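Right, one structure below, let's go through it.
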Amino acid sequence: MIADELRIIGSTQTNVVMAAEVTRVAQRALGARPPAPRKEGLGQLIYPFDGALAWAAVTYLRTPTRVLWDVYRSRQTRLEPLYDELVADIAGDARPLIRDRDGISVEARRVEVVAAGERQVVGTVKNALIDAAARRGVRLHVDPERPATRWVARGDASGLVVSIDLGGGSLSQRGWRRDAGEAPLREHLAAVLLMLGRFDPRRDALVDPMCGSGTIPIEAIHAARATPRPASALPALAVLGLARPAEPLFPDAAPLVIGCDHDLAVLSVARDNARAAGVAGDVVWQRADVARLAPGLVADIARERGRPAPTTGLLLANPPYGERLDDPGLDELYAAIAATCRRFRGWRAGFLVGSPALELAFQRAIGRPRIKKPLANANLRAYFYLYEL
Ligand SMILES: C[S@@+](CC[C@H](N)C(=O)[O-])C[C@H]1O[C@@H](n2cnc3c(N)ncnc32)[C@H](O)[C@@H]1O
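First residue of the sequence shown: 2, per my numbering; consecutive thereafter.
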């Protein structure tokens, strides 16, 4: 049957953060509050489909990994009836989802609801699309490399859902990463951490004391401005008639953002990444050991840029976890991080970390976290901690 919903997918445990970002973006870009979403699991939001909301979502959202338009739904568990149902739905669908001579690609994810393998489901959906389009005089062909629209078949509690991937793949990759450095944070998770840390660019300085390849500082600038994804990265919007001109939603945002690391080589990677991300002049990169970081250094950097010393801000990082949980070096490092945080009175500090040793070090030096939230990082179990300093 025909479906018509906007599905926003992110990491598990990020539903609330994603919903808050959807509301903020919709209000600013469209001047309207979106309806309350239906939540599926801990990492998916579903809204009634609305073309303007879909455009705003895929153009501006930074916390999700995918934005899909669910267009067909089937409870069939065998391939032949699935094909027949899809052909009937697609052939009779008045929505402009397909254009003559367009290339398409089809992928399948978790399709155990159908008694067949992923490849067979892909073949069935692809054939249904091409055959049903042909009945309408529309010629489609398969183009896995540069499709006009990417189609996704995925199973959920109600059966098989066929969607168009409006972002054309993972939205986590922003396109600027040249060299990952060691254990980079995925970009959408950096956006999640900024929201969980309540980063307010009008008021807060942002310091990542262990910035590695620079993901958090780079993300902080784009999140502050709500930089749109370029139209060239979102070809499906034009195909589906959903494209609109897009400008940054907060073009004047200019927070003080500093990335520190003790490793000069990774700082040079971070600089290259910032250049590729178009924020070379917006982030200050500083070689510093986290143990030596202090408000005085941040004040000096602010003064050099003609700004007042910040009185509040967010220290945000994903520190090394270490190879082993009982690595004695880690205890020392986490104690140094906690001691540094004590110097930043009036600030907040947020960390994504897989080892419980950080919480113990902070328990001794600072106290209990304001927020402790499970959040997987690259499939490793981790927690996000937020401390008021
Ligand atoms: C897990 S990585 C951070 C990854 C980063 N968020 C990214 O996206 O690339 C941890 C970083 O901490 C840095 N680091 C480790 N010990 C440090 C210390 N004592 N002072 C400053 N940086 C340190 C490492 O050089 C490494 O770049």
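Here a beta-carbon is modelled for each residue, glycine too, at the ideal position from N, C-alpha and C. Nothing here was measured: the structure is a model prediction, and the numbers come from that model.
Reference Leu298, options Pro210, Pro65, Leu130, Asp85, closest by Cα: Start at 1 with the first residue of the sequence shown, and residue 298 comes out as number 297. Checking every option, the nearest Cα to that of Leu298 belongs to Pro210.
Alpha helix (DSSP H) segment containing Val208, residue limits: On the sequence shown, position 207 is the one that residue 208 refers to. Counting along the chain, Val208 falls outside any alpha helix (DSSP H), though it belongs to the beta strand (DSSP E) covering 206-209.
Cα-Cα separation between Ala340 and Val258, rounded to whole angstroms: Counted from its first residue, the sequence shown places residue 340 at position 339. Counted from its first residue, the sequence shown places residue 258 at position 257. Spanning the two alpha carbons is a distance of roughly 21 Å.
Member of His142, Glu188, Pro309, Val126 whose CA lies at the smallest distance from the CA of Leu161: Taking the first residue of the sequence shown as position 1, residue 161 is located at position 160. Residue Val126 is the option with its Cα nearest to Leu161.
Segment limits, alpha helix (DSSP H) that includes Pro236: Against the sequence shown, residue 236 aligns to sequence position 235. Its alpha helix (DSSP H) spans residues 236-240.
Cys212 versus Gly330, Ala255, Pro82, Leu353, residue with shortest Cα-Cα distance: As a first step, residue 212 must be located in the sequence shown, where it is residue number 211. Comparing Cα positions, the closest option is Leu353.
Rounded C-alpha distance that separates Glu220 from Val284: The sequence position of residue 220 within the sequence shown is 219, counting from 1. The sequence position of residue 284 within the sequence shown is 283, counting from 1. The straight-line gap from Cα to Cα measures roughly 10 Å.
Whole-number beta carbon distance between Arg100 and Ala133, since they are thought to touch under 8 Å: As a position in the sequence shown, residue 133 is number 132, starting the count at 1. As a position in the sequence shown, residue 100 is number 99, starting the count at 1. Ala133 to Arg100, Cβ: 14 Å. No contact.
Three-state secondary structure assigned by DSSP to Pro309: On the sequence shown, position 308 is the one that residue 309 refers to. Reduced to three states, the DSSP call for Pro309 is coil.
Classification of Gln364 by the beta-carbon crowding that lies within 10 angstroms, buried from 16 upward: Translated into positions along the sequence shown, residue 364 becomes position 363. So Gln364 ends up on the exposed side.
Contacting residues, own chain, Cβ-Cβ under 7 Å from Arg344 (five flanking each side not counted): Along the sequence shown, read from residue 1 onward, the residue named residue 344 stands at position 343. Answer for Arg344: Ala295, Pro296, listed in chain order.
Secondary structure, alpha helix (DSSP H): runs of 4+ residues fully inside the segment 76-132: 80-92
Reduced DSSP secondary structure (H/G/I, E/B, other) of Leu315: The residue labelled residue 315 in the question sits at position 314 within the sequence shown. In the three-state reduction of the DSSP assignment, Leu315 falls in the strand class.
Inter-residue Cα distance where the pair is Ala184 and Ser269: The residue given as residue 184 occupies position 183 in the sequence shown. The residue given as residue 269 occupies position 268 in the sequence shown. So the two alpha carbons sit approximately 16 Å from each other.
Cα-Cα separation between Tyr386 and Asn378, rounded to whole angstroms: Here the question's residue 386 lines up with position 385 in the sequence shown. Here the question's residue 378 lines up with position 377 in the sequence shown. For Tyr386 and Asn378, the distance between alpha carbons rounds to 14 Å.
Per DSSP, cross-strand counterpart(s) of Tyr61: The residue labelled residue 61 in the question sits at position 60 within the sequence shown. DSSP, once it has assigned bridges, lists no residue as partnering Tyr61.
Cut-off 8 Å between Cβ atoms - residues of its own chain near Ala21, not counting five sequence neighbours on either side: Locating residue 21 in the sequence shown gives position 20, where the first residue counts as 1. Closer than 8 Å at the Cβ level, and outside the excluded window around Ala21, lie Met196.
CA-to-CA distance, Ala254 to Gly52, given in whole angstroms: The residue given as residue 52 occupies position 51 in the sequence shown. The residue given as residue 254 occupies position 253 in the sequence shown. When rounded, the distance between both Cα atoms is 28 Å.
Inside the segment 163-228 only - beta strand (DSSP E) runs reaching at least 3 residues: Within the segment 163-228, the complete beta strand (DSSP E) runs of at least 3 residues are 206-209.
Beta-carbon spacing of Ser171, Arg8 below 8 Å: Translated into positions along the sequence shown, residue 171 becomes position 170. Translated into positions along the sequence shown, residue 8 becomes position 7. For Ser171 and Arg8, no; Cβs fall outside 8 Å.
Meets three-Cβ-pair contact criterion under 8 Å: the segment 74-88 and the segment 30-45: no
Buried or exposed (CB count within 10 angstroms, at least 16 for buried), Arg349: As a working note, residue 349 is residue 348 in the sequence shown. By the 10 Å Cβ count, Arg349 comes out buried.
Same chain, Cβ closer than 8 Å to Arg79, five either side skipped, listed in chain order: Here the question's residue 79 lines up with position 78 in the sequence shown. Counting only Cβ-Cβ distances below 8 Å, and skipping sequence neighbours, we find Val115, Ala116, Ala117.
Residues near Met2 in its chain [Cβ-Cβ closer than 6 Å; skip 5 each side]: Position 1 of the sequence shown, counted from the start, is the residue given in the question as residue 2. If we look at Met2 and ignore the five residues flanking it on each side, its Cβ neighbours are Arg74.
Distance between Ala30 and Ala310 (C-alpha atoms, nearest Å): The sequence position of residue 310 within the sequence shown is 309, counting from 1. The sequence position of residue 30 within the sequence shown is 29, counting from 1. Rounded to whole angstroms, Ala310 to Ala30 spans 32 Å at the Cα level.
Residue(s) in a DSSP beta bridge with Val153: Against the sequence shown, residue 153 aligns to sequence position 152. Val153 pairs with Glu108, Ser164.
Distance cut-off 7 Å: Gly213 Cβ against heavy atoms of ligand 1: Translated into positions along the sequence shown, residue 213 becomes position 212. Gly213 Cβ: within cutoff of ligand 1.
Cβ-based neighbour list, Arg392, same chain, cut-off 7 Å, excluding 5 preceding and 5 following: Nothing about residue 392 can be read from this structure; the chain reaches only from 2 to 390.
C-beta atoms of Ala1 and Ser356 nearer than 8 Å: Residue 1 lies beyond the residue range present for the chain, which begins at 2 and ends at 390; the question has no answer from this structure.
Boundaries of the alpha helix (DSSP H) in which Leu387 is found, first to last residue: The residue labelled residue 387 in the question sits at position 386 within the sequence shown. It is not in any alpha helix (DSSP H) - Leu387 instead sits in the beta strand (DSSP E) that spans 384-389.
Counterpart residues of Pro49 in DSSP-defined beta bridges: Stepping through the sequence shown from its first residue, residue 49 is reached at position 48. Bridge partners of Pro49: Glu6.
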